Amino acid sequence: RCAFCADSLVNKRRWVSISNKQFIEDLNLLKKECNIDSTTVIDSNFFVDMKRIRGLAELLVSENLGISFGGLNGRASQLKKIETSEWKHFAKAGFKELFVGVESALQEQLNFIKKDTKITDVLELADNLKGVDISLTFSLIMGLPRPSDKKIDISRELDRELESALLLTKTIFKANSGATAWFFLYSPYPGTPLFEISVKNGFKKPGSLEEWAEMDLGNINISWISKKFAGKISFFTEFIFYYMMNERLSNF
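For the record, in the sequence shown the residue sitting at position 217 is 341 according to the working numbering, with numbers rising by one throughout.
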């Protein structure tokens, strides 16, 4: 029910999975025809059914396909409950990268966007992944709107947001040396609660499909996000974190 996310609008809160048997059959076909050794899983609810995941891991271990899986998406509040021993078993099954949307390093912002999670959740997850051959990639959204009925110094708020994000990132890196971070600028999605708040805060809705097409995570025309602040976010994501990630991949 995250106030910024459009998934519930697009998917109508429905999720349908293929069977584990079909999953394995598809992998065997790709292995045979294309000789793949890795794949990215695009599924925001990959870990929603832990019984299914545990069964899938057992099949992957027994099949021993030699395929690695990246982009495995889940919520920190759920994933932190998985013990280190089970993560090691998942690693044997080929799970190589988790992707977790932390969204904000400020608890009041997490509460405001109804993330239903705590900042400490991702720290617990990072700690549980120590000594496990699974990398943790996490993302934070910078420039989230504030309540429209509060008068604040948005420039100071954004600086505080960035400082908190960097502190959290540093803490996670210390807990898990294999972690990777991504910072994104907030993008207002129509139909979401934060979209209307953004409009009240000064966001000008695009008036045509062409204007919508000009918006992406690196090109957001939002009144409270200055070009200077956007440049800082771009610097960390496209240079600092990107360099760190490439360094780890080169030693993989």
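Even glycine gets a Cβ: it sits at the ideal position worked out from N, Cα and C.
All figures in this text were calculated on a predicted structure; none of them were measured in a lab.
For LEU286, the three-state secondary structure derived from DSSP is helix.
The continuous alpha helix (DSSP H) containing TRP336 extends over residues 333–337. Here PHE360 has PHE307 as same chain residues with Cβ atoms under 6 Å from its own Cβ, once five neighbours each way along the sequence are excluded. When the beta-carbon positions are compared, GLY179 and ASN144 come within less than 7 Å of each other. In the DSSP assignment, ILE265 forms a beta bridge with PHE308.
CYS158 and LEU183 have their C-alpha atoms some 21 Å from each other.
With respect to the C-alpha of GLU227, the residue from PHE236, GLY326, THR164 and ASP161 having the closest C-alpha is PHE236.
DSSP, reduced to helix, strand and coil, places VAL323 within a helical segment of the structure shown. Approximately 6 Å separates the beta-carbon atoms of ASN300 and LYS254; this is inside 8 Å, confirming the contact. In the same chain as LYS212, and ignoring 5 residues on each side of it, the C-beta atoms closer than 7 Å to its own belong to VAL256, in chain order. Within the segment 149–190, the beta strand (DSSP E) runs of at least 3 residues that lie entirely inside it are, in chain order, 162–164. Using a Cβ-Cβ distance cut-off of 8 Å, the segment 269–289 and the segment 219–233 are in contact, since at least three pairs of beta carbons, one from each stretch, lie closer than that value.
Per DSSP, the unbroken beta strand (DSSP E) holding SER192 starts and ends at 192–194. The three-state reading of DSSP puts GLY315 in coil, since its state is none of H, G, I, E or B. Between PHE219 and PHE171, the alpha-carbon positions lie close to 12 Å from each other. Per the DSSP secondary-structure output, PHE223 pairs in a beta bridge with ASN197 and THR261. CA-to-CA, the gap between LEU282 and GLY198 works out to about 27 Å. Annotated as distal: SER192 and ASP245, with beta-carbon spacing of 7 Å or more.
Rounded to the nearest whole angstrom, the CA to CA distance from LEU247 to GLY331 is 42 Å.
Within a 10 Å sphere around the beta-carbon of ASN188 sit fewer than 16 other beta-carbons, which makes this residue exposed.
The closest CA to that of GLY302, considering only LEU203, SER259, LEU154 and VAL140, is found on SER259.
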